[in-house]
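Residue numbering for the sequence shown follows our numbering, beginning at 13 and increasing consecutively.
Backbone N, C-alpha and C fix where the C-beta goes; we use that ideal spot for every residue, glycine too.
Here's the structure we're looking at; comments come further down.
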Amino acid sequence: MSEEMNVEEESNNRSFLVRGFLKHPLIWVTVIGLLIRVILGFFMTFSFDFSHWALVVENVRSGNGLYNLDGYYYTPVWGYLLSFVSSVGDLIGVGDLGAKIVDVLLIAENSDGHVTATLTTLSFNMLVKIPLFLCDIAIAYVIRWLILWRTKDKKKANWAYVLWFLCPLVIVVSSVNGMFDNFSVLMVLLSIVFMIKNKYFLAGTMFGMAVLTKFFPAFFIFVLVAYILAKHKDDGTAIKNLGFAALGAVLISIAMLLPNILEGNVMEAFSFLTSRADSGMGLGLGVIESYGTMLAYAAFLVVSAYIALCMYKEKGIRGPLDHRLLFFMFLNTAVLFLYPSTPQYILLLLPFLIYAFLTADKRFKKPLVMLSVGATVFSLSTTFMLLLSAGAFSGMFTVDQLAPLIDMTLQPIVFGLNFMNLMYIGGVVQYLATIYIFILIRKMSKEGDSKNPFESFASDIPPEDVLWEEDRPLA
C-alpha cells in the first residue's frame with residue numbers, strides 16, 4: 013500500500029513540475045521565438061554566405077582541412093562548428109548540400125554580388141541555423157542572469173530575455189543571414205560573468221574564443237584589464253589574476269589554432285581580418301572605405317585605451333565596479349559602431365543596450381527600437397533574393413516565379429535608386445540609433461548637473477552589498 017502511495021506521490025510531483033514548467037512565461041517566449049526562426053529559416057536564406065558554408069563542408073568531407081582549399085577565410089572556430097554540422101549531416105543522411113541553378117545565373121549577374129547561382133538545400137540550411145538558434149537562447153539566459161543579479165527584479169530579468177530573443181534583428185541574423193556573430197556575443201558575455209565571479213582563467217578562455225570567432229571583442233581588452241587591476245588593486249592579486257586570464261586566452265588560442273600551427277598556415281586563419289582592413293566593412297565604398305577602416309581601427313584602439321583608463325581611475329560611472337564594467341563595455345561597443353557597419357555586427361551592442369535600458373534609463377528604449385528595426389530592414393534589403401533556395405528546393409514555388417519579383421526590386425524607382433537601395437535606409441536608422449545613444453548620455457549628464465557624461469547612470473542603483481551576494485541562485 014505504501015509503495016503505491018509513493019508511486020502516486022512521485023507521479024503527482026512530476027505532473028506539478030511539468031505544469032509549473034509550462035506555465036513559466038519564458039517557455040512560451042522561447043517556443044514562439046523558435047517557431048518564428050524555423051519558419052523564416054525554412055523560406056529565407058542569404059545564399060551568398062551559405063554557398064561558402066557548403067563549400068567548407070564539402071572541403072572537410074573530401075578530407076581537406078579548413079584552409080587546404082579556397083573557400084574559408086575566417087578564424088577556425090566557425091569552421092570547427094561547420095565540421096561538426098557536417099558530421100551530424102552524415103549521421104542523419106543530409107548528403108546533398110546544394111547545386112548550381114542555371115535559372116539563377118542571370119539573377120546573380122544583376123544582383124551586385126548579393127546572390128550566387130549555387131544554392132544550398134533547405135536541409136543543409138536548417139542544419140547550420142539550428143546551432144545559431146540555440147546560441148540565441150543561451151545569450152538570452154545570460155542577459156537575464158545579469159539583469160536579475162544586478163536588480164533582483166525577476167520582471168526586468170524576464171524582459172531582458174524577451175528583448176533579446178524576440179528582437180527582430182537577432183531573429184533575422186540567425187534564421188536568414190545565418191551569420192555566427194551571436195557565438196562571439198555569447199563568449200563576451202560569459203567572459204564578463206566569469207570575471208564578476210573571479211574565475212579569471214575561464215574569463216580569459218571565453219574572451220579568447222570571442223576574439224577568435226569575431227575580431228570586434230579584441231577592442232575590449234583594455235577595459236577588461238582595467239577592471240581586473242581596479243578590482244584587486246588593494247588585495248595585491250591583480251597581476252596574478254591577470255596572469256590567469258592571459259593563460260586562459262593563450263591556451264584556448266593555441267588549442268584552436270593548433271592545426272594551423274602544425275600545418276604552417278597560421279596567417280591564413282586571419283585572412284578575413286587583413287581583407288577587412290584592405291576592403292573595409294563591406295559597405296562598398298572602395299579605397300575611401302579601405303583607408304577609413306584602417307584609421308578607424310587605430311582610433312578605436314586609442315579610444316578604448318582611454319575608456320579603460322577612465323574605468324581604472326573611477327572617472328565616470330558611479331556605483332559598484334561590476335556595474336561600471338558593463339557600462340564601460342556599453343560605451344566601448346557604441347564607440348566601435350560610430351564607424352558604419354553591416355547589421356550582424358550590431359548584435360554585440362544589443363546586450364549592453366538592453367542592460368542600459370533596464371538598469372539605467374528608460375529613454376534608451378528609443379535607440380533600442382531604432383537599432384532593432386533599422387538594422388533588420390537593412391539585413392532584409394535583398395528581399396525576394398532570400399527566397400531563392402526555397403524556390404529551388406521546396407517545391408512550393410519556383411525560381412522562375414521569383415525572377416520577375418527580383419527584377420522589380422532592381423529597377424530604378426526614384427533618383428536612380430531601386431527598392432533594394434531604398435532598403436538601405438534601414439542602415440541609416442541603424443547608424444542614427446548609435447548617435448542617439450551618445451545624445452542621451454549627454455542629456456543625462458546635463459540633468460545630473462555634472463560635467464561627466466556617465467554620472468547619472470548609477471543614480472538609481474541600490475548599494476553594492478545588497479546586489480552582489482556571493483553565489484546567489486538564479487530564480
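- Note: Asn430 is bridge-paired with Pro424 in the DSSP secondary-structure output.
- Taking C-beta separations shorter than 7 Å and ignoring five residues to either side along the sequence, the partners of His64 in its chain run Gly83, following chain order.
- Burial is judged here by how many other beta carbons sit within 10 angstroms of a residue's own beta carbon; Arg49 has at least 16 and is buried.
- Per the coordinates, the alpha-carbon of Val114 lies some 18 Å from the alpha-carbon of Ala66.
- Distance from the CA of Leu94 to the CA of Phe145, rounded to the nearest whole angstrom, comes to 15 Å.
- Per the DSSP secondary-structure output, Gly110 pairs in a beta bridge with Thr132.
- By the criterion of a C-beta distance shorter than 6 Å, Ala215 is surrounded in its chain by Ser203, Phe206, Met207 and Ala257, once the five residues flanking it on both sides are discounted.
- Between Leu181 and Pro424, the C-beta gap is not smaller than 8 Å, which leaves the two residues out of contact.
- Counting the other Cβ atoms within 10 Å of the Cβ of Lys141 gives 16 or more, which makes it buried.
- Note that the C-beta distance between Ile449 and Ile155 is not below 8 Å.
- Between the alpha carbons of Ala308 and Asn80 lies a distance of about 32 Å.
- Met341 is positioned such that its CB atom lies no closer than 8 Å to that of Thr395.
- Judged by beta-carbon spacing, Gly403 lies beyond the 8 Å limit of Gly439, meaning their Cβ atoms are not closer than that value.
- Boundaries of the alpha helix (DSSP H) around Gly45: Pro37 to Phe55.
- A residue is called buried once 16 or more other Cβ atoms fall within 10 Å of its Cβ, and Val426, having fewer, is exposed.
- Bounds of any alpha helix (DSSP H) do not take in Asp165, whose DSSP letter is neither H nor E.
- The way I'd put it, the segment 232–240 doesn't touch the segment 174–192; fewer than three beta-carbon pairs between them come closer than 8 Å.
- Positions of the alpha helix (DSSP H) runs, each at least 4 residues long and wholly inside the segment 314–359, are given as 333–348 in order along the chain.
- Distance between Met191 and Asp165, taken at the CA atoms: about 33 Å.
- The residue from Val441, Glu459, Ser406 and Thr87 with its alpha-carbon nearest to that of Lys226 is Thr87.
- If the five residues before and after Ala169 are omitted, its C-beta is found closer than 6 Å to the C-beta atoms of Arg156, Ile159 and Leu160, all from its own chain and listed in chain order.
- In the structure shown, Ser393 adopts coil according to DSSP, grouped into three states.
- Here the segment 331–351 lies against the segment 359–376, with 3 or more beta-carbon pairs under 8 Å apart.
- Scanning its chain for C-beta atoms nearer than 7 Å, with the 5 sequence neighbours on each side dropped, one finds around Val41 the residues Tyr173, Val174, Phe177 and Leu178, in chain order.
- Proximity to Ile51 across Ile104, Ile119, Val188 and Ala150 peaks at Val188, based on C-alpha coordinates.
- In the same chain as Lys112, and ignoring 5 residues on each side of it, the C-beta atoms closer than 6 Å to its own belong to Ala129 and Thr130, in chain order.
- Excluding the 5 residues flanking it on each side, Glu275 has same chain C-beta neighbours closer than 7 Å at Gly77, in chain order.
- Uninterrupted alpha helix (DSSP H) stretches at least 4 residues long and entirely within the segment 154–234 occur at 166–177, 180–184, 193–208 and 212–225, given in chain order.
- Within a 10 Å sphere around the beta-carbon of Tyr318 sit fewer than 16 other beta-carbons, which makes this residue exposed.
- Note that the C-beta distance between Thr249 and Thr132 is not below 8 Å.
- Note on Leu109: 16 or more other CB atoms within 10 angstroms of its CB, so buried under the neighbour-count rule.
- If the five residues before and after Val127 are omitted, its C-beta is found closer than 8 Å to the C-beta atoms of Ser59, Phe60, Val116, Ile119, Ala120, Thr394, Met397 and Leu400, all from its own chain and listed in chain order.
- Assigned with DSSP and collapsed to three states, Ala372 falls in coil, not helix or strand.
- For Ala261, the enclosing alpha helix (DSSP H) begins and ends at Ala250 to Glu275.
- By the CB criterion at 8 Å, Val97 and Leu139 fall inside the cutoff.
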